[in-house]
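**Q**
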Amino acid sequence: MAVGHPLDPYLRTDRLPTMWCPGCGLGVVLGTLLRAIDRRIREGRLRRENVAFVGGIGCSARMTLYPLFDSAHVIHGRAIPFALGVKIVKPKMKMIVVGGDGDIAAIGGNHILHALRRNADLLVVMANNMIYGMTGGQLAPTTPRGLYTTTTPYGNPEREINMVRLAAALGANYVARGSTTHPQLLEQLFYKALAKRGLAFVEVLSTCPEIFGRHIDFRSPVDLYLELRKRIVVKAKPSVEESDYNWEKGFVIGEFVDKDEPGYIEVYLDYLSKALEKQPS
Amino acid sequence: MRLEILIAGRGGQGILLLGHVLGKAIAEHTDLHVLGSETYAAETRGGDSRVDLVVADREEEADFIKVVRADIALFMHQLQLDAYKDLVGDGAVVFLDKSNVTEIPRRSWRIYAEPYTDIAEREIGTSRVANMVALGHLVGVTSIVPPEAVESVIRETVAREWVDLNIRAFRYFLRLSPHRQTEE
Amino acid sequence: MRYEYVTGNIAVAEASMTAGLKFYAGYPITPSSDIFEYLARELPKRGGHVVQFEDEIASINAAIGASWTCAKSMTATSGPGFSLMLEALSLAVITETPLVVVYVMRTGPSTGVPTRSGQYDVLQATYGFHGGLVIPVLAPSTPQEAYDLTIRAFNVSEELRTPAILLSDAVVAHTYGKVAIRERGEVEVVDRAKPSVPPESYRPYDPLDGIAPPMACFGEGYNVLVESLTHDEKGYYAPRTDAQRRLMWRLYRKVVESAERLFDYSAAYLDDCEFALVSYGPTALSARVAAKLLREEGYRACLVKLRTLFPLYEKGVRELLRGVGKVFVVENNVGLYFRELRGVLRDKEVISVPLIDLDVPPPQEIAGVVKEWL
Ligand SMILES: Cc1ncc(C[n+]2csc(CCOP(=O)(O)OP(=O)(O)O)c2C)c(N)n1
Ligand code: SF4
C-alpha cells in the first residue's frame, strides 16, 4: 500500500496532481498553509468544517481547487466580497482568501482597499509571482520596474505597488510578507495569521518559473528559486518602513504589523444589537 | 365604480401631504383600491406640485397612475388650474382655493370655491394648514372616505406638534354644512 | 394580512422580508435606494443583515457568498449598477446560486435622467450577462404586483437555483398603491432543497431526480465546491465538450422548461378582440387605458399585460392571441421586447409601438399610434 502524504486528509486527492507547472511556487504556498491549518485544528483553535477557501481567477486562485474544505473558485478579483458575504452571515467561519497579485492588487484593488479599511475578519493570502501567470506573462502591478512582460515589451516603466505598506496604512491587524524560498517561516506566518481577528494580510513572494522565469532568463525552477532567495532578507520584526518592494535592493520578509483591534464582525454585530434593541417587544 | 382625483398647487402649499393623506386613508380604511402618483418640480420651489389618484372598487380598475379625465379636482392655485384644467372632465366636482384663484374658467363643473388659505390663517392661525381645510371640504362633499379615517391617517403621518392644528383645519368644513355649493 | 399605502419600492422591500430575505448588500443608486434604506432599518430587526459595499460588484458578489450560507440574498440597483453586476450574475448562473436582483430601470443610456423612467433594459435583464442562458425576469406594473412578484422571484430562484430579476422601474418604484402585505404563513414560500445524503456521497451539481441540485452550504461539513469553471456533477473542472453540453443544456432547460408554470399575465377585453395591445410594466397600465379609449371609439381593442417576460412561454402567448388579428407591442423604449414577440408570433402581424417617455407614454398617444395602423 502506498504511503499517504501527511496532508492527504486535507486534500481532494482525486484531483491531484495539481494543474501547476513543475517547480511552481504555489505548491509551497498551499502546503505551508495547510500545515498551519492542521496545527490550529489539532490545537482545537479551528474546527475543520468552519474553514473555507475563496479564490478569484489565476494560477494562485486555483489553490481553492484542492483543499478538502468548503471552497469557492469565483471570478477574477471578487473573492473578498464573496468571502465577506459568507462571514457576515456565519461569523464562525474562518474565511481564507487566496489569490494572485493581479487578482487581489489589480482587479480586486477596490475590494482589498475596503476590506483593509474595515479590518474585515479574513485571512488574505496574496501569492505574488510578479507577473500574470495564468494569462501568459502580462504586466502585474507588482512587476519590478524595467522588466520585460508581454504587454510592456520595452521594459515595465511603472512603479510597483507595495501591498504591505498599503495594508499597514489602512489598519489591518496583521501584515506579513513571506517567501516560498523560506517555507518554515511562511508556515509560521500563516499559523500566526490564522488566530487573528480582523484582517490578516500575508503577501507571499512566489516563483513562476514557467512565465516569469522565462521572461528574466531563469528558465529552470531551481535557478529562479535561487535567484529569488538571493534577494530575500529575513527580519524578525521589521518595521513598515523596511518593507520597500525593490527587486534590485531585495525584499524584507517577516511580520510588519501585529495588532489586536476589534475586527469588522465585532463592530458590525455591535451595530446589529442596536437594531435589535429597537425591536418592538 | 372608478374615480380619478387630481390635486394640484404650488410647491409649499402642502399638496403632497394632502394627496398622501387622502390616498392612504382610502387604501387603508376603505374597501377601495387606489394608485397614486406624487410629482413635484424639484428644481423650483413654488413650481408644480401634483397628486394623481385613481380609485376603484375593483383592483384591476385602479388601472392607471395619471389622471386622464378627473372626476374630482382640487386646485390650490391659479397657475395649476390654468395648466391642468383640460384634465378635468365635464360634470366633475372641482374645489378651488379662492384665496389664490381669481379667474374660473367656464366649464360644466360643480364648483366649490372657498378661500382655504385665508380661512386657515384666520380661523386656525396659520396658512400652512390650508391644505387640510381644503381636504376637509373635499371629504365632506364627496364622502369618498370617512372623516375619522382621514383623522387617524393625519395622526400617523404628521409630526406630533402639528397634529392638532391639522385636525382642527381638517374639521373646519366638516363642521359647517359641507354641501354648500358656491358657484356653478 | 394588512393593507398599506406604499410605493413599489417599499412593496418590494416588504415582500422580500416575507419571502425570507436574510442578506441584503447594495450600493446606493436612484431610483432603487429606498429599498436599501427601508431594509437597512427593518431587516436587522428581523435577524437579517444589510450592508453597504464599496460598489455594485462587491454587493452582488457578497450576496452570492451569503447565499452559499443558505441565507436568502438580494441586491437592488439600476442600469449603471446592473451593468457592473453582469459578470457576477453569470457566476450565479453557473454556480446555481439562488439570488434576487431587483432592477429598477431608469432613463438611459449612461447617466441619462437618473430620476425618471423607461424600459430600455428589458433585454439586458436576461441577455446582459455572458454565457447565453436565460434567467427569470418578472415585471410588475403596480405596487401590488411588485409585492407579489418579489415573493415569486424568491420562490423561483430557490426552486430552480438561479438568479432571478425583478424588473421594476422608476415609475413603479415611486407609485403609491394599496398593497396587501402578508406575513409568513399567509403566502407560499419556497426554500431551496437540501441534500439528504451524507457529505461523502454528496455531489454538489447533481440534480438527482429534481430540477436543481440539492444545495449544501458553507459551514455544514459538506466540503462544498462553488465552481465558476465548467464542472461535472462533483464540481470538478471539466474542459470537455460532453461536460459542457451536459451543463449548458441542464442550466438552459431548468429555466426554459419552467416557462409554462411561470407564465403570468392579465388581459382585458380579450373575448371579442381584433387588435391586441401587448405590454408590460407600467406602460401596460397606459396601454390598458388606451384600449379602453379605442373601444369607446368602436375599435375592438384589448390589452394583454405580461408579468413574466423571461422565460417566455411561447405556446401560451400564441394560444392567448390566437383569435387576434393584429398585435401591437407597446413599450417605453425603441422597440425591444417586440423582437421577442415577433419571433414567437410569426403567423401574425406584430407591430412595434415604441414610445419613449420619461414617465409612461400617455394613453392618448398610444391610441393615436395604434389607430394609424388600423
Ligand atoms: C474580468 C476578467 N478579466 C480578465 C481575466 C483574465 N485573467 C485570468 S487570470 C488573470 C491574471 C492572473 O494573474 P494573477 O492574479 O497575478 O494570478 P497568477 O496566475 O499569476 O497566479 C487574468 C487577467 C478574467 N478571468 N476575468
Ligand atoms: S504559469 Fe507560473 S504561476 Fe502559473 S502554474 Fe505555471 S509556474 Fe505556476
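Residue numbers (this note's numbering), protein chains in the order written: chain S, 93 to 373; chain C, -16 to 167; chain W, 20 to 393.
All C-beta atoms, glycine included, are put in the ideal place defined by N, C-alpha and C.
#1: I'd like to know whether the C-beta of residue -2 of chain C is nearer than 7 Å to at least one C-beta of chain W.
#2: Confirm, please, whether the CB-CB distance from residue 51 of chain W to residue 4 of chain W is below 7 Å.
#3: Could you pull the DSSP bridge partners for residue 16 of chain C from this structure?
#4: Taking the alpha-carbon positions, what's the residue 275 of chain W to residue 307 of chain S distance?
#5: Between the alpha carbons of residue 325 of chain S and residue 243 of chain S, how many angstroms are there, rounded?
#6: If residue 288 of chain W sits next to residue 309 of chain W, beta carbons under 8 Å apart, how far is it from one beta carbon to the other, in whole angstroms?
#7: Let me check you understand the geometry: is the CB of residue 256 of chain W closer than 6 Å to at least one non-hydrogen atom of ligand 1?
#8: In the DSSP assignment, find the beta strand (DSSP E) that holds residue 345 of chain W and state where it starts and stops.
#9: Using only alpha-carbon positions, find the residue among W:304, W:48, W:315 that is nearest to residue 37 of chain C.
#10: According to DSSP, simplified to helix, strand and coil, what is residue 187 of chain W?
#11: Between residue 24 of chain W and chain C, is there a C-beta pair that is closer than 7 Å?
#12: I'd like to know if residue 88 of chain W contacts chain S, where contact means its C-beta is closer than 7 Å to some C-beta of that chain.
#13: Ignore the nearest five residues each way along the sequence and tell me which others in residue 373 of chain S's own chain have a CB closer than 8 Å to its CB.
#14: Run the CB neighbour count on residue 105 of chain S, radius 10 Å, all protein chains shown included, and call it buried at 16 or more, exposed below.
#15: Using the Cβ count rule (16 or more neighbours within 10 Å means buried), how would you classify residue 95 of chain S?
#16: Determine the extent of the beta strand (DSSP E) in which residue 93 of chain W is found, giving its start and end residues.
#17: With H, G and I counted as helix, E and B as strand and the rest as coil, what does DSSP make of residue -4 of chain C?
#18: Consider the Cβ of residue 201 of chain W: report whether some Cβ of chain C lies at a distance smaller than 7 Å.
#19: Could you please give the first and the last residue of the uninterrupted alpha helix (DSSP H) stretch that includes residue 45 of chain C?
#20: Any idea which residues DSSP pairs residue 128 of chain C with across the strands?
#21: Could you say which of W:273, W:249, W:242, W:268 lies nearest to residue 230 of chain W if we only look at CA atoms?
#22: What is the DSSP secondary structure of residue 9 of chain W, reduced to helix, strand or coil?
#23: Can you tell me whether residue 162 of chain S is buried or exposed, with buried defined as 16 or more other CB within 10 angstroms of its CB?
#24: Below 8 Å between beta carbons is the criterion; list the residues of the segment 39 to 53 of chain C that meet it against any residue of chain W, in chain order.
#25: Can you tell me which of S:137, S:168, S:142, S:140 puts its alpha carbon nearest to the alpha carbon of residue 149 of chain S?
#26: Tell me the start and end of each unbroken alpha helix (DSSP H) in the segment 169 to 233 of chain W that is at least 4 residues and wholly inside, in chain order.
#27: The segment 52 to 75 of chain W: which residues have C-beta closer than 7 Å to a C-beta of chain S, in chain order?
#28: With 16 as the cutoff for other CB atoms within 10 Å, does residue 112 of chain S come out buried or exposed?
#29: Please classify residue 305 of chain S: is it buried, with 16 or more other beta-carbons within 10 angstroms of its beta-carbon, or exposed?
#30: Span of the alpha helix (DSSP H) holding residue 258 of chain W?
#31: So, at 6 Å on beta carbons, what are the nonlocal neighbours of residue 167 of chain C in its own chain, with the 5 sequence-adjacent residues on each side left out?
#32: Looking at residue 308 of chain S and ligand 2, is the gap between the Cβ and the nearest heavy atom below 6 Å?
#33: To the nearest angstrom, how far is the alpha carbon of residue 324 of chain W from that of residue 162 of chain W?
#34: State the DSSP-derived secondary structure class of residue 167 of chain C, mapped to helix, strand or coil.
#35: Among residues of its own chain, excluding the 5 on either side of residue 127 of chain S, which ones have a beta-carbon nearer than 6 Å to its beta-carbon?
#36: Closer than 7 Å, Cβ to any Cβ of chain W: which residues of the segment 159 to 192 of chain S, in chain order?
**A** The short version:
#1: no
#2: As shown, chain W starts at 20 and ends at 393. That puts residue 4 of chain W outside it, with no answer to give.
#3: C:39
#4: 49 Å
#5: 30 Å
#6: Actually they do not touch by this definition, with Cβ atoms about 12 Å apart.
#7: no
#8: Unbroken beta strand (DSSP E) run through residue 345 of chain W: 345 to 350.
#9: Minimum Cα-Cα distance from residue 37 of chain C among the listed residues W:304, W:48, W:315 corresponds to W:304.
#10: strand
#11: yes
#12: Interface flag for residue 88 of chain W against chain S is set, since a Cβ pair is found closer than 7 Å.
#13: Confidence is the limiting factor: at residue 373 of chain S the pLDDT is only 48, short of 50, which leaves the residue's position unreliable and the question unanswerable from this model.
#14: exposed
#15: exposed
#16: 91 to 96
#17: Residue -4 of chain C falls in the coil class under three-state DSSP.
#18: no
#19: No alpha helix (DSSP H) holds residue 45 of chain C; DSSP gives it neither H nor E.
#20: In the DSSP output, where bridge partners are listed per residue, residue 128 of chain C has none listed.
#21: W:273
#22: Any answer about residue 9 of chain W is impossible in this case: the structure gives chain W only from 20 up to 393.
#23: buried
#24: 42, 43, 45, 46, 47, 48, 49, 51
#25: S:168
#26: 189 to 193
#27: 63, 64, 68, 70, 72, 73, 74
#28: buried
#29: buried
#30: Run containing residue 258 of chain W: none; DSSP gives neither H nor E here.
#31: Legend: pLDDT at residue 167 of chain C = 44, less than 50; position of this residue unreliable, value from coordinates given subsequently. No residues qualify anywhere along the chain.
#32: no
#33: 15 Å
#34: Bear in mind that a pLDDT of 44 at residue 167 of chain C, under 50, signals an unreliable position, so the model cannot answer this.
#35: Short of 6 Å from the beta carbon of residue 127 of chain S, and not among the five residues preceding or following it, lie these beta carbons of its own chain, in chain order: 279.
#36: 160, 161, 162, 163, 164, 165, 166, 167, 170, 173, 174, 175, 176, 177, 178, 180, 181, 182, 184, 185
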